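S.K.: Position 288 of the sequence shown, counting from 1, maps to 288 under UniProt numbering, and the rest follow consecutively.
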Amino acid sequence: MSTTIESPAPARPAGPARPSGARRAALALRGRLPGLALDGTVALIYLFLYLPAIVIAVYAFSAGRTMSWPIDGLTLSWFETAYSDDGLMEGLRNTLKVASISTVAALLLGVPAGFALDRFDFPGKALFQRMLMAPFLVPGVVSGMALLSLFLELDVRLSLTTVVITHTTMLLGVFVILTVVTLQRWDRSYEQAAMDLGANELRTFWFVVLPNMKSALIGAALLGLTVSLDEITRTFFVTGTDNTLPMVVMSRLRTELSPAINAIGTTIIGISLLGLLIWSLLFRKRGATPL
């Protein structure tokens, strides 16, 4: 009777020691440091950009007459004071009038110009495209002085009309560029199908192309209103006796620092932010990105 001797199984080599819980946490934190640093930088940038607006809003609701911290309580009385001030309200009406007219004018001029740039070749097209960027590249002071010189040379009296012309030239490039970008993303097979069914170019543009640009144009109009509401540098040179709200506020700040000015400033900030929010939501709904 034989006896079988079983040899022991070979020992498995020991694997690398697992790091302890504290070491794993440290490694995870090290991997997240670049992202945390980027998030912190973005937060600081946003804080730097919006801190002045936050300060204005805080003191607009302050019960005290002076801008001191901590505030003396909360009140809405400064908004009532601002809305009952004839000078501020006239400036607000002028601002809304200028912003509305200049936005509509830039829309009516910019959409056909953008369509022509995208679909046709003509002499001076490249120069015209470069000139569209001038309002974004030329400082507002230089642009305002140039327009003032032009109005004086043509013997045009400074008024809200000159302000509207100035704001329209400033906003025109926005609508032209947005129209070109939208048309470049547009599937032209829809236009061809409409023409195959007997529609001419004008009817195709009006009933096929333009409805599909609606969201983009509404967003651009809201952006134009926001830019026009906040414009002061160019307006300073071309305004007449009828001042816009930014001009009224600037003149008031030379002699007084009333919380009512903070209240009207908060109103303008709220209108601007609401317009930008709607603009962003419209582009997000279309699956596109703003300019």
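Glycine included, each C-beta is placed from N, C-alpha and C at the ideal position. Note that the structure is predicted; figures quoted are calculated from it, not measured.
1) Residues in the same chain with beta-carbon distance under 8 Å from Val-180, minus the five sequence neighbours each way, listed in chain order, please.
2) Quick check on Pro-70: buried or exposed, where buried means 16 or more other Cβ atoms within 10 Å of its Cβ?
3) With 16 other CB atoms within 10 Å as the buried threshold, where does Pro-139 fall?
4) Could you have a look at Leu-257 and say whether DSSP puts it in helix, strand or coil?
5) Helix or strand or just coil, what does DSSP make of Leu-171?
6) Of all the options Leu-108, Phe-79 and Gly-270, which has the alpha carbon lying nearest to the alpha carbon of Val-174?
7) Counting along the chain, where does the alpha helix (DSSP H) carrying Asp-86 start and finish?
8) Should Pro-228 go down as buried or exposed, given a rule of 16 or more other Cβ atoms within 10 Å for buried?
9) First and last residue of the alpha helix (DSSP H) that includes Phe-236?
10) Helix, strand or coil for Ser-143 per DSSP?
11) Do you know whose CA, among Thr-75, Leu-222 and Asp-187, lies nearest Ile-271's CA?
12) Can you give me the Cβ contacts of Ser-280 inside the same chain, cut-off strictly under 6 Å, excluding the 5 residues immediately before and after it?
M.R.: Let me spell this out:
1) One-based indexing of the sequence shown puts residue 180 at position 180. Correct list, in chain order: Gly-114, Leu-117 and Asp-118.
2) Indexing the sequence shown from 1 puts residue 70 at position 70. So Pro-70 counts as exposed.
3) Position 139 of the sequence shown, counted from the first residue, corresponds to residue 139. So Pro-139 counts as exposed.
4) Within the sequence shown, numbered from 1, the residue matching residue 257 stands at position 257. Three-state DSSP puts Leu-257 in coil, outside helix and strand.
5) As a first step, residue 171 must be located in the sequence shown, where it is residue number 171. DSSP places Leu-171 in helix when its eight states are reduced to three.
6) For the purposes of this step, residue 174 is taken as residue 174 along the sequence shown, with counting starting at 1. Minimum Cα distance to Val-174 is reached at Leu-108.
7) Reading the sequence shown from its first residue, position 86 is the one you call residue 86. Note, Asp-86: alpha helix (DSSP H), 86 to 119.
8) If you number the sequence shown from 1, residue 228 lands on position 228. Per the sequence presented here, residue 228 reads as Ser, with Pro not at that position. Counting Cβ neighbours within 10 Å, Ser-228 comes out buried, since at least 16 surround it.
9) Numbered from its first residue, the sequence shown carries residue 236 at position 236. Looking at the DSSP string, the run of the alpha helix (DSSP H) that includes Phe-236 is 233 to 238.
10) Position 143 of the sequence shown, counted from the start, is the residue given in the question as residue 143. Correct three-state label for Ser-143: helix.
11) Here residue 271 is taken as the residue at index 271 of the sequence shown, counted from 1. Checking every option, the nearest Cα to that of Ile-271 belongs to Leu-222.
12) Residue mapping note: residue 280 aligns to position 280 of the sequence shown, counting from 1. Excluding positions up to five away in sequence, the list is empty.
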